[in-house]
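Under our numbering, the first residue of the sequence shown is numbered 19, with each subsequent residue one higher.
Working notes, beginning with the structure itself.
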Amino acid sequence: MPSDASSTTPRAGDALLLVDVQNDFLPGGSLAVPHGDEIIPPLNRLILSFSRRSLPIFATRDWHPAEHCSFREQGGPWPPHCIAGTQGAAFPANLALPHDTAIVSKATTTDEDAYSGFGGTELHYQLRAPGAQRLFVAGLATDYCVLNTVRDALAKGYEVLLLADAIRAVDVRPGDGERAIKEMQELGATLISSTQVAD
Numbered sequence: 019m020p021s022d023a024s025s026t027t028p029r030a031g032d033a034l035l036l037v038d039v040q041n042d043f044l045p046g047g048s049l050a051v052p053h054g055d056e057i058i059p060p061l062n063r064l065i066l067s068f069s070r071r072s073l074p075i076f077a078t079r080d081w082h083p084a085e086h087c088s089f090r091e092q093g094g095p096w097p098p099h100c101i102a103g104t105q106g107a108a109f110p111a112n113l114a115l116p117h118d119t120a121i122v123s124k125a126t127t128t129d130e131d132a133y134s135g136f137g138g139t140e141l142h143y144q145l146r147a148p149g150a151q152r153l154f155v156a157g158l159a160t161d162y163c164v165l166n167t168v169r170d171a172l173a174k175g176y177e178v179l180l181l182a183d184a185i186r187a188v189d190v191r192p193g194d195g196e197r198a199i200k201e202m203q204e205l206g207a208t209l210i211s212s213t214q215v216a217d
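Structure follows, in structure tokens:
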């Protein structure tokens, strides 16, 4: 973790990137991530910190058609989830996203899946528009969409600060989340806590 506290203070060139914080991935959802709801309070603190500084906030979302290839009925690994326009695909009501949040929809066609927020989207270009160079990344799930989004962000040259208390893992195999965090760190992401981010 950085020793210089100012290095985790949001500044020009930073963006907050929230990955797939949607009802279907929260307790009670069709593909619930264990304890996924625990990330909402730290996310809201991060949102407030970025909003106060007029820094950009991005939120990715799964936005699937009803017969998406990732669904078990179509031969995929997952139950139906985040079907476009449904309550399950919506952001939770207690997530305080500002009205100007840039929403990035992914895996929007029947035959294409995307774990990464960069997969088949305009996210890279949307981040470049305000000059984002450093990304504060949080969301669900650590071992799938967060991992793949961070991989792509680092490959595209962004600096990544990963919010340890604002991510949760599916852990299909025990330890998947911890392995994902280790991989992201080995690739160059810096693990921090939302408590290190100035209000």
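Where a beta carbon is used, it is the ideal one built from N, C-alpha and C, also for glycine.
Asked: Endpoints, the beta strand (DSSP E) within which I199 is located; Found: Careful: I199 lies outside any beta strand (DSSP E), inside the alpha helix (DSSP H) at D194 to L205.
Asked: For S123: DSSP bridge partner residues; Found: R79
Asked: Segment contact flag, the segment 183-195 with the segment 77-91, C-beta cutoff 8 Å, min 3 pairs; Found: no
Asked: Range covered by the beta strand (DSSP E) that runs through R186; Found: E177 to R186
Asked: DSSP three-state assignment for T27, whether helix, strand or coil; Found: coil
Asked: DSSP state of G135 mapped onto helix, strand, coil; Found: coil
Asked: Nearest-angstrom Cα separation, counted from Q92 out to V37; Found: 24 Å
Asked: Nonlocal neighbours in the same chain, by C-beta distance under 8 Å from R63, ignoring five residues either side; Found: S212, V215 and D217
Asked: Proximity of T104 and K124 at Cβ, strictly below 9 Å; Found: no
Asked: Under 9 Å between C-beta atoms of L205 and R169; Found: yes
Asked: L153 and V188 closer than 9 Å at C-beta; Found: no
Asked: Neighbourhood of A84 by C-beta, 7 Å cutoff - its chain only, sequence neighbours within 5 removed; Found: I101
Asked: N- and C-terminal bounds of the alpha helix (DSSP H) containing R225; Found: Missing from the structure shown is residue 225; the chain here goes from 19 to 217 and no further.
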